[in-house]
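The structure appears right after this line, and notes come after that.
Residue numbers (the working numbering): 46 to 220.
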């Protein structure tokens, strides 16, 4: 038996505990993988990340709001502004927070464009990323911040020739 569609890892014993939802009579199973010795939660969890896709019409065609990564992996490569979702944070809030932290630009109306979750898409660990289309002021001037070394509006054709971090180029080509 396998734990996922393409997962090579066998499933383990799951403890099923009914929990009550608010005041309703509806019950759902809470499934948690536990260490048989210490009882700690050991269910393998991919990390959740978000990336912001903002575009505008430039004089030579589509321009994309991008950052140059300040840290490894892919230090110095172009990437969509983004990062990890904090514990207890809604991904829609996280994408707007990351956009502001890395570019200094306020975004609004995030809408899911695509989700990428290949376990090998990032060398650090299994990271699932939600790519959101985000509305921004097309006249805004980005300023790199947080872990972004640089931020700017970049012509899509330039980025296609230079490449991007991870699978971001595939996402750009799908716009």
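Every residue gets a Cβ at the ideal spot worked out from N, C-alpha and C, and that includes glycine.
Less than 6 Å between C-beta atoms, sequence neighbours within five positions excluded: which residues of the same chain meet that for residue i?
i, result
"residue 93", "130 and 173"
"residue 201", "107 and 109"
"residue 137", "155"
Rounding to the nearest angstrom, what Cα-Cα distance links residue i and residue j in this structure?
i, j, result
"residue 208", "residue 89", "32 Å"
"residue 205", "residue 133", "36 Å"
"residue 96", "residue 86", "28 Å"
"residue 124", "residue 113", "6 Å"
"residue 194", "residue 152", "20 Å"
"residue 119", "residue 215", "15 Å"
"residue 203", "residue 82", "55 Å"
"residue 199", "residue 91", "31 Å"
"residue 169", "residue 117", "9 Å"
"residue 187", "residue 141", "14 Å"
"residue 192", "residue 115", "5 Å"
Excluding five sequence neighbours on each side, which residues of the same chain lie with their C-beta closer than 8 Å to the C-beta of residue i?
i, result
"residue 190", "146, 147, 148, 149 and 196"
"residue 218", "205"
Report all residues from its chain with a CB closer than 7 Å to the CB of residue i; omit the five preceding and five following residues, and keep chain order.
i, result
"residue 80", "87"
"residue 157", "175 and 177"
When the Cβ atoms of the region 182-191 are set against those of the region 158-173, are three or more pairs found closer than 8 Å? Taking 8 Å as the limit for Cβ pairs, the verdict is that the region 158-173 does not touch the region 182-191.
Let me know the beta strand (DSSP E) ranges lying completely inside the region 98-144, each 3 residues or longer, listed in chain order. DSSP runs (the beta strand (DSSP E)) wholly in the region 98-144: 100-103, 106-114 and 127-129.
What runs of the beta strand (DSSP E), each 3 residues or longer, lie entirely inside the region 139-214? DSSP runs (the beta strand (DSSP E)) wholly in the region 139-214: 153-161, 172-180 and 193-200.
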